[in-house]
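Residue numbers (the numbering used here), protein chains in the order written: chain G, 1 to 364; chain Y, 1001 to 1364; chain V, 2001 to 2364.
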Amino acid sequence: MNLLLQEIRHNPLLWLLGFVPVVFAAAKFKPEAHTLLFVLSVLAIVPLAVLLSHATESVAAKTGDAVGGLLNATLGNLTELVIALTALRAGQIMLVKASIAGTIVTNTLFMLGASFLLGGLKHHVQEYNRVSARVQAGLLFLATVALLVPSAVGTADSGTGAAFTQKLSVGLAVLLIVAYGLGMLFSLKTHREFFTSAKPAADGEAAWPMPLALASLAGVTVLVALVSEIFVESVQKAAEAFGMTPAFVGFIVVALVGGAAEMASAFSGARKNRLDLSVGIALGSASQIALFVAPVLVLLSYVVGPTPMDLQFWPGAVVMVLIATLTATLVTNSGRSAWFVGVLVLMVYLIFAMTLYLLPPRVQ
Amino acid sequence: MNLLLQEIRHNPLLWLLGFVPVVFAAAKFKPEAHTLLFVLSVLAIVPLAVLLSHATESVAAKTGDAVGGLLNATLGNLTELVIALTALRAGQIMLVKASIAGTIVTNTLFMLGASFLLGGLKHHVQEYNRVSARVQAGLLFLATVALLVPSAVGTADSGTGAAFTQKLSVGLAVLLIVAYGLGMLFSLKTHREFFTSAKPAADGEAAWPMPLALASLAGVTVLVALVSEIFVESVQKAAEAFGMTPAFVGFIVVALVGGAAEMASAFSGARKNRLDLSVGIALGSASQIALFVAPVLVLLSYVVGPTPMDLQFWPGAVVMVLIATLTATLVTNSGRSAWFVGVLVLMVYLIFAMTLYLLPPRVQ
Amino acid sequence: MNLLLQEIRHNPLLWLLGFVPVVFAAAKFKPEAHTLLFVLSVLAIVPLAVLLSHATESVAAKTGDAVGGLLNATLGNLTELVIALTALRAGQIMLVKASIAGTIVTNTLFMLGASFLLGGLKHHVQEYNRVSARVQAGLLFLATVALLVPSAVGTADSGTGAAFTQKLSVGLAVLLIVAYGLGMLFSLKTHREFFTSAKPAADGEAAWPMPLALASLAGVTVLVALVSEIFVESVQKAAEAFGMTPAFVGFIVVALVGGAAEMASAFSGARKNRLDLSVGIALGSASQIALFVAPVLVLLSYVVGPTPMDLQFWPGAVVMVLIATLTATLVTNSGRSAWFVGVLVLMVYLIFAMTLYLLPPRVQ
């Protein structure tokens, strides 16, 4: 417990934990104040995501390389998974889909671009492991194809029907999970020598002892789930109050909130000239969402949700995911970076954000 | 003749030649047994394709480098050409188009991916000649653009009319054949030093003497044409019996049957750590279909077919060909491979196959 | 003045200057002879563009590296800008848009491809600076994304409305200009060591003294503007007389006329085995049109035009720009070239030109 407090004292982001009780109190006494609840829940989720990520890493560090890598890879996007599950249970399929596509786009463009820019402002030219970046980009490309096909076929012919899309989505979900598993087998086992420097190191932070780590993992997950419920309920109404379109909220706001913890690590890695770490987090996180979180949500939607979810996205979302993947592939191809590469990638993100912000609501 | 028998004894695939007389007998006495005829004709075409490919290589080996390369390149997809011509004469334009697109996709994804996987399971990391792969990928990209444009314009505006598409297709066909010819001039003549190791070697098999090779070439082509007729007549009805959609049949079944011989060579090359050979066969065969077979069929359709054929494909087919080309380009860019690269490429193929299998029939 | 005359004597293209007075006379006495005026104005614009380009380079050479680079980059497409502004003032938004998309496509495909081919016919293999090519291709890719998004969203949903497209276009225009400025900061200031050999050298030609250069710059710009007016007025009617579609005129004819000066430099660089120069001019000019000229026209359209211009292009134009950018990216990735690479790139251009030529008029 002392360790936990010490950690909190050192990391200013964790001071936001104070908002966790506040948001619960507000939800109880002011259930109609959507904008307030939205802001408070965002402020509460961010430090919880940081804690969750630290707890996962501590458990991973104790369990040895292979199992640890597996744990890190599976629980690394636990926050996003819990938020999406909450939205799924509330029947908000559109929000879940927007946040999946948005997280992929935000991680590949904003997280990667800002890492390149922040690193490049401090270091003239930065080099990183391109083999690792290529495998991640390859996985991401595969996932994009899987997302593209049902949407392309669904758009090309409006008569294909929901039954076709449902069956296809379940099949694709299984394929993606298999590809994800094989990708871990490849990078953690058979060819791990190519991936060494991309592994997230503990980075000076002391790993927690096992009981504390496991207890935090369980406790914080429950807290994230509870706060997510308030977040999901308030987000759409708050968005209207801020003049934001629902597409913008799902794509940009939810994605930024859910990924706050990874972003902190990626940016700090870039500043320390450890771009391998940043690229690994950004692309790894994106491909994890695409190949693990999204298909798991499709399969779980048959169990927990009021209606099953499919993988057919709004065409604009498919175009954005496709462009984001292509950008990441082209940009990481050389294994070198300078500040302007970051600017280019961020500009693509800004174009998307601007389009979504201006988009008339009923289009999404 | 002895040589031919010796060859048959050594190659188990050739034992299937026994099905050639069986399929003719069945077509005469049981013309209504579509499913049976379909299965028998598939079993008969595969060994004929192997023989045809060996005969072509033998003639090529005897005629010296430049002419041999030319022959190999032009007759390498003779089986596909004969099947497609038979379908064209029967007026089955949709089947011809599906099999063209399907052969491109099957060669770039299934043949390439399975070669990478089979080679990678035996060898940790494999290297191959990337210059040669790049030229093939470049040719393939060009062909994809040529297929994309009439379809994109045709889709964007339904009022462009058939006359426009016909004229454009003939023009594109001529352009593609010119590009194909210049590509051969480049790789066989002006810059052949970059392509040396990608040339298909006789690979331990004895080349046949010229008379036998020429006689086989002529005789087997006639046999393939005759069996193709039975195949084309039975394939659609048999597909229904198996519960396969017509799109799946054209894209996957016809493409796999027509390419069986090349696949055998490509996979055996990959196992022997001669990935140059596999990549050359897979991409070379795909670009040959796209730049030579497809335009020749367009031009021939004005002579042999009941209706002329154009290059406007179903949008889903264009998307698949585009993704297949992009995948091949990205994957062969590094000149290195491991088993997981094969998995990624095969997964893209599986996504397409699954989509086509589930597609409601009337959409194709 | 002597220097100017000397220049004219040495460069046969400049003999065409004789057509400048002729076109003004013809416009005064035969205002109805559209075809004649069109041909004369084309013949007059080409030498003016060459003079303008030489004047810009002379001013740039005198003002030192950074300012010179800036001037070169901003005024390098002055001819295109003046022609487009004239068309904008005449309310011919469709022509402006077609010529923007057409110039990007013509520079990335025709200018680049012909440089590779012309250079490759003389030199077996040519090498060039790929870092510089990559940055240009990256900027071009960004611009393509910016053009793609409003068109994609506009096509996906016809209900988004003109107000959305207008607002989005202005926002994108500002973003693109910022990206363009940062790109110059990067290539001329912070990381210029990577771009050294790509800088257009005076190439044996003597730089003009400052007063002559400045006077030419001002005088020739006015002449280009005056001739452009005749060109823009006559082009559509002349096109009909030649049997060309308006799309073909905007995309191909206007783009070739406006870029004649740059093409002369690019081709001569390629023949002299200075492919860095050719690639720099082709891609640099294309990205300048996309990131500077196009957004400036959008912003200026609110001041000078009868109707404001947006960035929503005809879907076919977006597909062509996208493919052109992708082609340039893939082709310049290796930093090496041979004649066949030029053929491939030119073939893509021919496919587009053929499609536009055959396109029924009302589709564009």
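The C-beta atom is built at its ideal place from N, Cα and C for all residues, glycine as well. Bear in mind that the values here come from a model prediction, so they are computed numbers and not experimental data.
Around Y/Q1136, the same chain offers L1283, G1284 and S1287 as residues with beta carbons nearer than 7 Å, after the five sequence neighbours per side are excluded. A Cβ-Cβ distance of about 5 Å is found for the pair G/S169 and G/V298, placing them in contact under the 8 Å criterion.
Not flagged as an interface residue toward chain V: Y/R1336, since no C-beta distance is shorter than 9 Å. Where Y/M1210 is concerned, the enclosing alpha helix (DSSP H) starts and stops at M1210 to F1242. Sorting Y/V1022, Y/Y1302, Y/A1114 and Y/L1112 by C-alpha distance to the C-alpha of Y/G1091 places Y/Y1302 at the top.
The C-alpha of V/L2140 lies about 8 Å from the C-alpha of V/L2291. Taking a Cβ-Cβ cut-off of 7 Å, the neighbours of Y/G1138 in chain V comprise L2344, given in sequence order. With a threshold of 16 other beta carbon atoms within 10 Å, Y/H1010 falls short and is exposed.
Across the set Y/P1360, Y/L1311, Y/L1226 and Y/L1358, the C-alpha of Y/L1226 shows the shortest separation from the C-alpha of Y/K1028. In this model, G/L36 and G/F24 are separated by some 12 Å (Cα to Cα).
Under the 9 Å criterion on CB atoms, Y/T1108 is classed as non-interfacial with respect to chain V. Taking a C-beta cut-off of 7 Å against chain G, the contacting residues of the region 2318 to 2335 of chain V are T2329, listed in chain order. Within the same chain, G119, Q126 and Y128 come within 6 Å of G/L275 by CB-CB distance, once the 5 residues on both sides are set aside. Assigned with DSSP and collapsed to three states, G/E262 falls in helix. Membership of V/Y2180 in the alpha helix (DSSP H) is indicated by the continuous run G2161 to L2185.
A residue is called buried when at least 16 other Cβ atoms come within 10 angstroms of its Cβ; G/G316 meets this threshold and is buried.
Pairing Y/P1047 with Y/L1075 gives a Cβ-Cβ distance that is not under 9 Å. Interface criterion not met: the Cβ of V/H2191 is under 9 Å from no Cβ in chain Y.
Taking all protein chains shown into account, Y/P1209 has fewer than 16 neighbouring C-beta atoms within 10 Å of its C-beta and is therefore exposed.
Not one beta carbon of chain Y lies nearer than 9 Å to the beta carbon of G/A264.
In the three-state reduction of the DSSP assignment, G/Q126 falls in the strand class, which pools E and B. Assigned with DSSP and collapsed to three states, G/S337 falls in strand. Of the candidates V/T2144, V/I2351, V/V2293 and V/E2193, the residue whose Cα lies closest to the Cα of G/I323 is V/T2144. Y/L1168 reaches chain V at M2354, T2355 and L2358, counting residues in chain order whose Cβ is nearer than 8 Å.
In this structure, the beta-carbon distance from V/T2327 to V/V2345 falls below 9 Å.
Taking C-alpha positions only, V/P2150 is separated from V/V2178 by approximately 19 Å. Linking V/S2132 to V/L2277 through their CA atoms gives a straight-line distance of about 10 Å. For G/M347, the three-state secondary structure derived from DSSP is helix.
Put simply, the backbone Cα of G/L217 is about 23 Å away from that of G/G280.
Contact between the region 1109 to 1124 of chain Y and the region 1181 to 1194 of chain Y is not established, with fewer than three Cβ pairs separated by less than 8 Å.
Only buried fits Y/G1342, as 16 or more other CB atoms lie within 10 angstroms of its CB. From the beta-carbon of G/L147, no residue of chain Y is found nearer than 8 Å; the closest lies around 10 Å away. Per the C-alpha coordinates, the member of G/T307, G/W314, G/I289 and G/T56 positioned closest to G/P246 is G/W314. Among the residues facing chain G, Y/P1315 is included, as its CB has a counterpart in that chain under 9 Å away. With respect to the C-alpha of Y/E1007, the residue from Y/L1081, Y/F1242 and Y/S1058 having the closest C-alpha is Y/S1058.
When secondary structure is reduced to three states using DSSP, V/N2273 falls in the coil class, being assigned neither helix nor strand.
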